[in-house]
Ligand SMILES: [K+]
Ligand SMILES: [K+]
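This is the structure in structure tokens:
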């Protein structure tokens, strides 16, 4: 549908700027999804329009917040619709990212020699098709591999039919960082299962890196040949993963309602690793998040705001944006005119993009929380958690979303939509910027 | 003392960069203050060292958070010491601002023809003395005028001696945005007194504008001759004052524990105006802030982070920084290379300063709150409120500071110190930046 809309736009049948086109295609997908979920065949006992809309928004924006229990309210057909929405929403982002970046004449990551032109001539169309094929391959391999691994857990427990379906559902949901689960308590039942604690996080990490990073890894293979973007993403992700795992374990180790109740240190580390990976983009949980300490919650909120990789299904301001934010601050204190990293330099003009993205994100959170406090009388930290979870399309919950009235739900839905469309839209504006005059060996870092 | 330290530094007897010098002079002032407050003559029944230190930090950084009741714990002598610390702390900032800006060869606001050189030659010393005289005059006129007005309320109520002392104390405390009051409930007793609701906010506003703005107003008199900085400050302050008064009134109008208990609409508007003015920099309160709704609290936190004017006694990221932040975001979306305001342009290189300041401020708040959640088990919103109040040297409280253990108090003291020294220190770094190449008629905006 994206390609179709896109080609329409190129033929000037629809004269919309790409960000509007992106928002429009998501909106259309959401409406179709809502209608599909309203079909009698999708649910056991019917579903209110508001609930169907919320579920469709949550699925298309790969967030994972829910107002009904996915596992019990929907039939397998309904769950399949949700899975399709997740896949289209998640894939759409990747494909659209390629399309707009290529249309802008920016390197699209697979090879630095491939530049696609705005007129989409023969060569570029062929390149584009090749690119999309690679993306589809990565998606297919990861999701089927994940299914196979998860099936080793679910099939013995639930039998072939249900087990395979659960493995497929959770694999696709994890790879697209969607966070939808078929159990009301998400992944709590598998909190101490090593295979699940390996498979789900790996899918989430790979899906959250962004296709250009994966392409660099598989095609270039050597560290020194990686683009600056890939290097920053890999180092940043590794630091965040290790740091948040350790911090989570330290803070929650003795909390009787979370890690404290687990038998062994290994189990505690497993659960910490799982939550630390999941907190930035995917919306699963293997412990009860409402029982976390306030400081762990604050760490969680910070990680959600940082998010995953550009051109991935992850939300937030993105890891590279966060790194550039820190490097720019450092450069300022050192009175440097350029940001240096891995022997490359990034122009300070990038700071404008970072700043615009951070300002829009923080203002959205502020307004969202402010409006939520008007509609709901819950604890402030929980409202903040829920708003950030929606805006960063993470989808973890401390139980507030279920309690919200229709206005509160609308705010959450808007936050999810902005979170999904916004950063990319901004990314588009970024790409449209005047090309930077090259003074030093410059490098492109995707922001937002 | 500042001048003495400064001249020592110029003679290279002490070889410290100005930011370190600033921090050092505050630290010395704090230690002297602590010793003075420990004197038997300062308190009725003695005071713990920790309490004396906390009070000294709070006074020198003109914050106003307290662990003991200023009115009942300290004798008039002790209160006079506190007042002296406030005055030195507050004045020190203004004087130091002139000194470092002049040393950097930047226009210091009084006249755009006055540039003082780093070697402080004869002419510049004479100019400097003239400038300092003007500052001292403004301080003296405002503080004595405020005392006279407040005395009309306090003298009839408490008699000449106590009444005049209270008028003087609150006038100086207000002009320096210090927020120290002689009553345990701050200004609640005068919540409906029109004269107090006029005098205190006016002192706070003038003190919070920054001397360069006041100098522009008194010396240039015509709007079109004002510097861009002055225009931005005046418009920004007016918008913030009107907006926050209205929003405060709307949100709290029916809250039985704040505005709801007041008899007339006039009283409610008075109290809203008072709290709206006070929230950005001074630390008084005429209603019980712990009873505000969560959304009002959130608004309050945002206003505290914005703060007052550069080179004033106010804290926060400063009004102009906030405006530039918004204008830069707007410029980015419009794909402009410069920020435009009032027919002047500001180079985007300013964005670096803004960004560094915002990042440092937000990281400080995050770390502060994070550490506070480790030491204290209170409600998150209250801890956030207290941390921001300390870092932005505002000094309002929802009652947490009194409950903190020694570690928690230390964190609050550090936040106050960073809040007081940090932004200016950063301002110093800013001033040291490479002079911008002038392309358009450029204008200097003080940030932080
Ligand atoms: K998610
Ligand atoms: K204050």
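Chains as they are written, first to last, in our numbering: chain A, 1 to 448; chain B, 449 to 896.
Note that beta-carbon positions come from the ideal geometry of N, C-alpha and C, so glycine has one too.
Which residue wins for smallest C-alpha separation from residue 340/A, given the options 327/A, 332/A, 352/A, 350/A?
327/A
Assigned secondary structure, residue 340/A (DSSP; H/G/I helix, E/B strand, else coil):
strand
Quick one: Cα of residue 202/A to Cα of residue 702/B, how far?
52 Å
How long is the line joining the alpha carbons of residue 223/A and residue 251/A, rounded to whole angstroms?
34 Å
Closer than 6 Å: residues whose CB approaches a heavy atom of ligand 2:
510/B, 511/B, 512/B, 625/B, 626/B, 627/B, 729/B, 730/B, 731/B, 841/B, 842/B, 843/B
Coil, strand or helix - residue 603/B by DSSP:
helix
Counting contacts by CB-CB distance shorter than 8 Å, is residue 743/B in contact with chain A?
yes
Per DSSP, what kind of secondary structure is residue 750/B in: helix, strand or coil?
helix
What is the rounded straight-line gap between the Cα of residue 90/A and the Cα of residue 856/B?
45 Å
For residue 264/A and residue 192/A, what's the separation of their Cα atoms in angstroms?
10 Å
Beta-carbon separation (whole angstroms), residue 175/A vs residue 207/A, contact threshold 8 Å:
4 Å
Coarse secondary structure for residue 729/B, derived from DSSP in three states:
coil
Residue(s) in a DSSP beta bridge with residue 74/A:
43/A
Does the separation of the CB atoms of residue 345/A and residue 338/A fall below 8 Å?
yes
Could you compute how far the alpha carbon of residue 780/B sits from the alpha carbon of residue 745/B?
31 Å
Minimum Cβ-Cβ distance from residue 814/B to chain A less than 8 Å
yes
Who are the neighbours of residue 370/A on chain E, taking C-beta pairs under 7 Å?
Annotation note: the requested chain E is absent from the structure, which comprises protein chains A and B.
Helix, strand or coil for residue 793/B, going by three-state DSSP, please let me know.
strand
Using a Cβ-Cβ cut-off of 8 Å, state whether residue 351/A counts as contacting chain B.
yes
So, at 8 Å on beta carbons, what are the nonlocal neighbours of residue 632/B in its own chain, with the 5 sequence-adjacent residues on each side left out?
517, 519, 520
Is residue 304/A close to chain B? Criterion is C-beta to C-beta, closer than 8 Å.
no
Classification of residue 588/B by the beta-carbon crowding that lies within 10 angstroms, buried from 16 upward:
exposed
Taking only beta-carbon atoms, is residue 777/B less than 8 Å away from chain A?
yes
Quick one: list the residues of chain A neighbouring residue 807/B, beta-carbon separation under 7 Å, in chain order.
325, 329
Just checking: is the beta-carbon of residue 322/A within a distance shorter than 8 Å of some beta-carbon in chain B?
no
Where residue 295/A falls: helix, strand or coil (DSSP):
helix
Residues of the region 375-391 of chain A whose Cβ lies closer than 7 Å to any Cβ of chain B, in chain order:
380, 381
Exposed or buried, residue 400/A, counting other C-beta atoms within 10 Å across all chains shown (16 or more means buried)?
buried
Give me the residue from 236/A, 293/A, 366/A with the minimum Cα distance to residue 824/B.
293/A
Find out if the Cβ-Cβ distance for the pair residue 258/A, residue 278/A is shorter than 8 Å.
no
May I ask you to verify whether the region 824-835 of chain B touches the region 796-811 of chain B, counting CB pairs closer than 8 Å and requiring at least 3?
no
For residue 812/B and residue 749/B, believed in contact at Cβ under 8 Å, the rounded distance:
Not confirmed; about 14 Å, so no contact.
Residue 59/A and residue 85/A - do their beta-carbons sit closer together than 8 Å?
yes
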